[in-house]
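Participant: These protein sequence lines map, in sequence, to chains A and B. To convert a position in the first sequence, counted from 1, into this note's numbering, add 11. To convert a position in the second sequence, counted from 1, into this note's numbering, add 38.
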Amino acid sequence: MSQNDVEILLVEDNPDDLELALHALRREKLANHIEVARDGEEALDFIFCRGKYAHRNFSHQPRLILLDLKLPKVDGLQVLREIKDDPRTKAIPVVILTSSREEKDLVEGYRLGVNSYIQKPVDFEQFRDSIKTVGLYWLVVNQAPPEEAFAAAPPVRAA
Amino acid sequence: MKMKWVGSRKAISGAFGLAMGILALIFVYSYRSTVLLIHAGDSRQHSHRVLESTQRLLSELQDAETGQRGYLITGAEPYLEPYNAAVGQVVNTMKDIRNLVRQDDDQARDLATLDSLTTAKFAELQQTIELRRKAGFEAASQVVQTSAGKQIMDDIRKIIGGMNDRAEKSINRDQQIMEAASRRSIQVVLLGGVVAMALLLSTFFLLRNEIEVRSRAEVKINVLNEGLKLGAAELEASNKELGAFNKRLEAEIAGRKLAEAGIQLLNKDLERRTEELEGSNKELEAFTYSVAHDLRAPLRHIDGFSKMLMEEDSAALSDEAKRYLNRIRQGTSHMGQLVDDLLNLARLGRQELSLQVTGLSSLVEDVLKDLKAENPDREIHWNIQPLPFVECDPGLMRQVFSNLLSNALKYTRPRKNTSIEVSQISENGEIIILVRDNGVGFSMKYADKLFGVFQRLHRQEDFEGTGVGLATVQRIVRKHGGRVWAEAELDKGATFYFTLGNGKTDSSNDLGEIRKQKAEGGKETEPVSVGTVENGQKVA
Numbered sequence: 012m013s014q015n016d017v018e019i020l021l022v023e024d025n026p027d028d029l030e031l032a033l034h035a036l037r038r039e040k041l042a043n044h045i046e047v048a049r050d051g052e053e054a055l056d057f058i059f060c061r062g063k064y065a066h067r068n069f070s071h072q073p074r075l076i077l078l079d080l081k082l083p084k085v086d087g088l089q090v091l092r093e094i095k096d097d098p099r100t101k102a103i104p105v106v107i108l109t110s111s112r113e114e115k116d117l118v119e120g121y122r123l124g125v126n127s128y129i130q131k132p133v134d135f136e137q138f139r140d141s142i143k144t145v146g147l148y149w150l151v152v153n154q155a156p157p158e159e160a161f162a163a164a165p166p167v168r169a170a
Numbered sequence: 039m040k041m042k043w044v045g046s047r048k049a050i051s052g053a054f055g056l057a058m059g060i061l062a063l064i065f066v067y068s069y070r071s072t073v074l075l076i077h078a079g080d081s082r083q084h085s086h087r088v089l090e091s092t093q094r095l096l097s098e099l100q101d102a103e104t105g106q107r108g109y110l111i112t113g114a115e116p117y118l119e120p121y122n123a124a125v126g127q128v129v130n131t132m133k134d135i136r137n138l139v140r141q142d143d144d145q146a147r148d149l150a151t152l153d154s155l156t157t158a159k160f161a162e163l164q165q166t167i168e169l170r171r172k173a174g175f176e177a178a179s180q181v182v183q184t185s186a187g188k189q190i191m192d193d194i195r196k197i198i199g200g201m202n203d204r205a206e207k208s209i210n211r212d213q214q215i216m217e218a219a220s221r222r223s224i225q226v227v228l229l230g231g232v233v234a235m236a237l238l239l240s241t242f243f244l245l246r247n248e249i250e251v252r253s254r255a256e257v258k259i260n261v262l263n264e265g266l267k268l269g270a271a272e273l274e275a276s277n278k279e280l281g282a283f284n285k286r287l288e289a290e291i292a293g294r295k296l297a298e299a300g301i302q303l304l305n306k307d308l309e310r311r312t313e314e315l316e317g318s319n320k321e322l323e324a325f326t327y328s329v330a331h332d333l334r335a336p337l338r339h340i341d342g343f344s345k346m347l348m349e350e351d352s353a354a355l356s357d358e359a360k361r362y363l364n365r366i367r368q369g370t371s372h373m374g375q376l377v378d379d380l381l382n383l384a385r386l387g388r389q390e391l392s393l394q395v396t397g398l399s400s401l402v403e404d405v406l407k408d409l410k411a412e413n414p415d416r417e418i419h420w421n422i423q424p425l426p427f428v429e430c431d432p433g434l435m436r437q438v439f440s441n442l443l444s445n446a447l448k449y450t451r452p453r454k455n456t457s458i459e460v461s462q463i464s465e466n467g468e469i470i471i472l473v474r475d476n477g478v479g480f481s482m483k484y485a486d487k488l489f490g491v492f493q494r495l496h497r498q499e500d501f502e503g504t505g506v507g508l509a510t511v512q513r514i515v516r517k518h519g520g521r522v523w524a525e526a527e528l529d530k531g532a533t534f535y536f537t538l539g540n541g542k543t544d545s546s547n548d549l550g551e552i553r554k555q556k557a558e559g560g561k562e563t564e565p566v567s568v569g570t571v572e573n574g575q576k577v578a
């Protein structure tokens with residue numbers, strides 16, 4: 012992967028949460044390129060190379076998506092659904108990062124195939140620790156899915 | 039009735055048949071006898087006629103002789119009258135006899151002989167007559183004296199005698215036949231009559247018995263009929279009663295229908311209210327969701343930026359500034375805790391108990407593990423007694439123990455030797471669980487404030503806490519149909535007691551309903567321990 016590749020897509024609408032998250036990520040120096048999407052639509056546009064991201068190379072997907080749930084326009088679970096429904100993007104690790112620990116969000120998230128679910132603690136240090144752990148795990152410890160994991164195209168095209 | 043022979047149809051038919059048969063036989067026999075009799079009679083008469091004829095013939099011949107003799111003697115023609123008459127008569131008589139004996143060969147044979155003899159006799163007579171006429175008396179008398187004529191007459195008499203004998207024999211035979219036939223006829227008739235009468239009599243008796251039996255049966259039937267009539271009368275009376283009863287029933291049914299309608303109205307009302315309640319519940323859930331998400335976010339920000347401030351500009355900040363920032367962070371932390379506790383408490387209200395038979399001891403062990411891990415430095419004397427297996431919601435009960443035990447830990451912190459006891463006692467058939475500590479205790483004066491929400495009996499700087507822990511414990515215990523209370527003495531320690539209903543149910547809580555539902559089809563699953571621990575307080 013080239014240096015310009017997005018390693019983390021951070022989907023967060025709240026500016027404060029966003030700043031805190033970015034701070035935490037940068038502090039740990041886990042990623043060089045973090046892309047930010049401020050709502051669900053932007054996130055999907057980015058992943059599926061639409062709208063203002065039409066120029067993007069589809070095959071260069073982020074290694075981790077940190078997804079908040081309460082998003083304007085398209086909400087987090089819908090974004091998750093679309094990512095996990097499409098075989099070309101299904102393999103991208105998605106970690107839900109949200110203040111909600113409502114049972115129904117957990118249930119729906121996991122049913123849609125989320126890779127991990129983190130509740131944002133109020134305590135900042137704990138939050139930082141969580142981010143560090145998550146980043147470390149998914150970007151360093153975890154084996155990234157190889158290109159073929161994103162291959163599965165519609166049946167018309169030969170695999 | 040088996041004592042008399044009753045005439046069954048078969049018997050009677052048989053008897054009559056037999057009688058008929060016998061009569062028929064008698065009839066046939068009589069008929070035949072009578073025919074026989076008649077034949078015999080005819081035959082006898084026939085024979086008599088033969089006798090008569092032969093006698094007549096003889097007499098006629100004798101007349102002829104007489105005439106001849108008279109003429110012979112007198113020579114006077116008038117004396118020939120009998121002879122002349124006899125000539126003709128004999129012819130007729132012979133004809134008669136011939137007719138009569140036509141069918142009897144022996145008689146016919148004799149007759150033939152008689153015929154020729156008769157002819158010979160007349161020839162002889164005529165001869166003599168002629169002779170007298172012509173030759174006179176002397177000539178005729180000479181011929182007579184030859185006895186030729188007498189001879190012929192004797193022969194004739196012999197033949198006739200033979201014929202008569204035969205006829206008489208025949209008569210006798212017929213007589214015998216007739217007598218025999220008559221006798222037998224009478225015998226048969228008598229016998230048959232007797233037998234028939236006997237049969238008739240027996241039939242009569244059979245019938246009479248039958249009739250007796252039947253009349254007796256009839257009597258019985260009449261009695262039964264009377265009984266039936268009575269029964270029918272009673273039935274009618276019952277029917278009337280039933281009719282009245284029916285009317286009452288109908289009235290009651292109408293009443294019930296009204297009640298039903300009323301109930302349906304109530305039900306509709308209930309449904310409406312349930313809908314409203316469900317609506318409220320949904321609103322509450324949405325509210326809780328919002329609170330969870332929206333209240334926490336700003337707290338996070340405050341905390342985050344404070345921290346960042348402290349870290350990044352620590353050089354620029356005074357110690358005082360840093361202290362303030364810490365207080366800010368503490369404030370947010372506390373509020374976060376409050377939010378979580380409140381949410382938990384609120385959720386408890388809506389939550390349904392998921393009952394399982396749970397070993398309370400294992401719950402306590404679990405909680406202790408966490409507490410020990412969080413307080414590694416403390417030396418605590420744990421006195422954990424065996425606890426019973428009860429039907430409860432394990433997750434919630436864990437919260438109860440967690441809250442009570444962390445309280446115990448918290449309020450024994452000032453003590454050098456901490457001792458905490460968990461055990462059970464029995465009172466009035468109830469099992470009571472207790473958690474006892476030798477901590478700072480409290481004054482029973484404020485005991486009723488103990489379980490109030492946000493109520494605290496200690497200062498925040500002495501003992502941290504949100505004042506929700508015991509309220510949560512009370513709510514959970516109450517949900518199980520039990521009660522919780524405490525006893526304490528300032529500076530001596532406190533004991534918290536609780537029960538879990540123990541099968542006694544309170545209609546105003548969920549446990550009764552759930553126990554009922556469970557009884558109708560529950561299943562046993564492994565008790566699951568849930569929850570994490572934050573800041574020594576239970577967070578569900």
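Glycine included, each C-beta is placed from N, C-alpha and C at the ideal position.
#1: Can you pull out the residues from the stretch 342-376 of chain B whose beta carbon lies closer than 7 Å to at least one beta carbon of chain A?
#2: Pull up the distance between the alpha-carbon of Tyr521 (chain B) and that of Phe489 (chain B), whole angstroms please.
#3: Which residues, in chain order, does the stretch 124-137 of chain A contribute to contact with chain B at a C-beta distance below 7 Å?
#4: Below 8 Å on C-beta distance, what does Asp96 (chain A) contact in chain B?
#5: Look at the Cβ atom of Leu82 (chain A), then the Cβ atom of Asp50 (chain A), and state whether they are nearer than 8 Å.
#6: Inspect the CB distances between the stretch 449-463 of chain B and the stretch 413-423 of chain B and report whether three or more fall short of 8 Å.
#7: Does the beta carbon of Leu337 (chain B) come closer than 8 Å to any beta carbon on chain A?
#8: Under the DSSP definition of a beta bridge, which residues are partnered with Asn421 (chain B)?
#9: Less than 8 Å between C-beta atoms, sequence neighbours within five positions excluded: which residues of the same chain meet that for Asp86 (chain A)?
#10: Tyr109 (chain B): which of B:Gly174, B:Asn247, B:Ser328, B:Asn305 sits nearest, CA to CA?
#11: Spell out whether any CB of chain A is found under 8 Å from the CB atom of Gly334 (chain B).
#12: To the nearest whole angstrom, what separates the beta carbons of Asn202 (chain B) and Thr92 (chain B), a pair I think is in contact under 8 Å?
#13: Can you pull out the residues from the stretch 19-36 of chain A whose beta carbon lies closer than 7 Å to at least one beta carbon of chain B?
#14: The beta strand (DSSP E) that contains Arg474 (chain B), what's its start and end?
#15: Is the CB of Val17 (chain A) under 8 Å away from at least one CB in chain B?
#16: Where does Gly55 (chain B) fall in DSSP's three states?
#17: Rounded to whole angstroms, what's the CA-CA distance from Pro424 (chain B) to Ala524 (chain B)? Just pull it up for me.
#18: Name the one or two DSSP bridge partners that Ala218 (chain B) has.
#19: On a Cα-Cα basis, can you pick out the residue from A:Asp16, A:Val17, A:Leu33 that is closest to Asp24 (chain A)?
#20: Quick check on the burial criterion: 16 or more other C-beta atoms within 10 angstroms. Buried or exposed for Lys192 (chain B)?
#21: How big is the Cα-Cα spacing for Gly467 (chain B) and Met435 (chain B)?
#22: With H, G and I counted as helix, E and B as strand and the rest as coil, what does DSSP make of Ile60 (chain B)?
#23: Decide if the stretch 477-484 of chain B is in contact with the stretch 502-518 of chain B; the criterion is three or more beta carbon pairs, one per stretch, under 8 Å apart.
#24: Less than 8 Å between the beta carbons of Leu29 (chain A) and Trp149 (chain A), yes or no?
#25: Terminal residues of the continuous alpha helix (DSSP H) containing Gln375 (chain B)?
#26: May I ask which residues mark the beginning and end of the alpha helix (DSSP H) holding Gln512 (chain B)?
#27: Taking Cβ positions, are Val125 (chain A) and Val145 (chain A) nearer each other than 8 Å?
#28: Would you please state the rounded distance, in angstroms, between the beta carbons of Gln127 (chain B) and Glu98 (chain B)? I believe it to be under 8 Å.
#29: Name the one or two DSSP bridge partners that Ser71 (chain B) has.
#30: Considering only the beta carbon of each residue, do Gln106 (chain B) and Ile167 (chain B) sit closer than 8 Å?
#31: Using a C-beta cutoff of 8 Å, does Lys84 (chain A) count as contacting chain B?
#32: Reducing DSSP to helix, strand and coil, say where Val17 (chain A) ends up.
#33: With 16 other CB atoms within 10 Å as the buried threshold, where does Ser545 (chain B) fall?
#34: Whose C-alpha, out of B:Tyr67, B:Pro452, B:His339, is nearest the C-alpha of Ser223 (chain B)?
Facilitator: On the basis of the coordinates in this document:
#1: Going along the stretch 342-376 of chain B in chain order, one finds Gly342, Lys345, Met346, Thr370, Ser371, Gly374 with a Cβ nearer than 7 Å to chain A.
#2: Just to set this straight, residue 521 (chain B) is Arg in the shown sequence, not Tyr. One Cα belongs to Arg521 (chain B), the other to Phe489 (chain B), and the distance between them is close to 12 Å.
#3: The stretch 124-137 of chain A vs chain B, Cβ under 7 Å: Lys131, Val133, Asp134, Phe135, Glu136.
#4: What Asp96 (chain A) touches in chain B, judged by beta-carbon distance under 8 Å, is nothing: the nearest beta carbon there is about 25 Å away.
#5: Taking 8 Å as the Cβ cut-off, Leu82 (chain A) and Asp50 (chain A) qualify as a contacting pair.
#6: By the C-beta criterion, the stretch 449-463 of chain B is judged to be in contact with the stretch 413-423 of chain B, since at least 3 inter-stretch pairs fall below 8 Å.
#7: Answer yes: the Cβ-Cβ gap between Leu337 (chain B) and chain A drops below 8 Å somewhere.
#8: Looking at the DSSP assignment, Asn421 (chain B) forms a beta bridge with B:Glu459.
#9: Scanning its chain for C-beta atoms nearer than 8 Å, with the 5 sequence neighbours on each side dropped, one finds around Asp86 (chain A) the residues Gly51, Leu80, in chain order.
#10: Of the candidates B:Gly174, B:Asn247, B:Ser328, B:Asn305, B:Gly174 places its Cα closest to the Cα of Tyr109 (chain B).
#11: It is worth fixing the name first, because residue 334 (chain B) is Arg in this sequence and not Gly. With 8 Å as the cut-off, Arg334 (chain B) counts as an interface residue toward chain A.
#12: About 6 Å separates the beta carbon of Asn202 (chain B) from that of Thr92 (chain B), a gap short enough to meet the 8 Å contact definition.
#13: With the criterion set as a beta carbon lying under 7 Å from some beta carbon of chain B, the members of the stretch 19-36 of chain A are Asn25, Asp27, Asp28, Leu31, His34, in sequence order.
#14: For Arg474 (chain B), the enclosing beta strand (DSSP E) covers residues 468-475.
#15: It does not; no Cβ of chain B falls within 8 Å.
#16: DSSP places Gly55 (chain B) in helix when its eight states are reduced to three.
#17: Taking the straight line from one Cα to the other gives about 21 Å.
#18: According to DSSP, which records beta bridges pairwise, Ala218 (chain B) is partnered with nothing at all.
#19: Of the listed residues, the one whose Cα sits closest to Asp24 (chain A) is A:Leu33.
#20: Going by the sequence as given, residue 192 (chain B) is Asp instead of Lys. Counting Cβ neighbours within 10 Å, Asp192 (chain B) comes out exposed, since fewer than 16 surround it.
#21: Rounded to whole angstroms, the gap between the alpha carbons of Gly467 (chain B) and Met435 (chain B) is 21 Å.
#22: Ile60 (chain B) falls in the helix class under three-state DSSP.
#23: In this structure the stretch 477-484 of chain B does not lie against the stretch 502-518 of chain B, because fewer than three pairs of beta carbons, one per stretch, are closer than 8 Å.
#24: In terms of Cβ geometry, Leu29 (chain A) and Trp149 (chain A) do not form a close pair [threshold 8 Å].
#25: Residues 357-388.
#26: Unbroken alpha helix (DSSP H) run through Gln512 (chain B): 507-517.
#27: The answer is no: Cβ separation not under 8 Å.
#28: Rounded, the Cβ-Cβ distance is 5 Å, consistent with contact.
#29: According to DSSP, which records beta bridges pairwise, Ser71 (chain B) is partnered with nothing at all.
#30: The Cβ-Cβ distance between Gln106 (chain B) and Ile167 (chain B) falls below 8 Å.
#31: Residue contact with chain B for Lys84 (chain A): absent (no Cβ-Cβ distance below 8 Å to any residue of chain B).
#32: Coil at Val17 (chain A), not helix or strand.
#33: Only weak support exists for where Ser545 (chain B) lies, its pLDDT of 36 falling under 50; the value from the coordinates is given anyway. Exposed: under 16 other Cβ atoms inside 10 Å.
#34: It is B:Tyr67.
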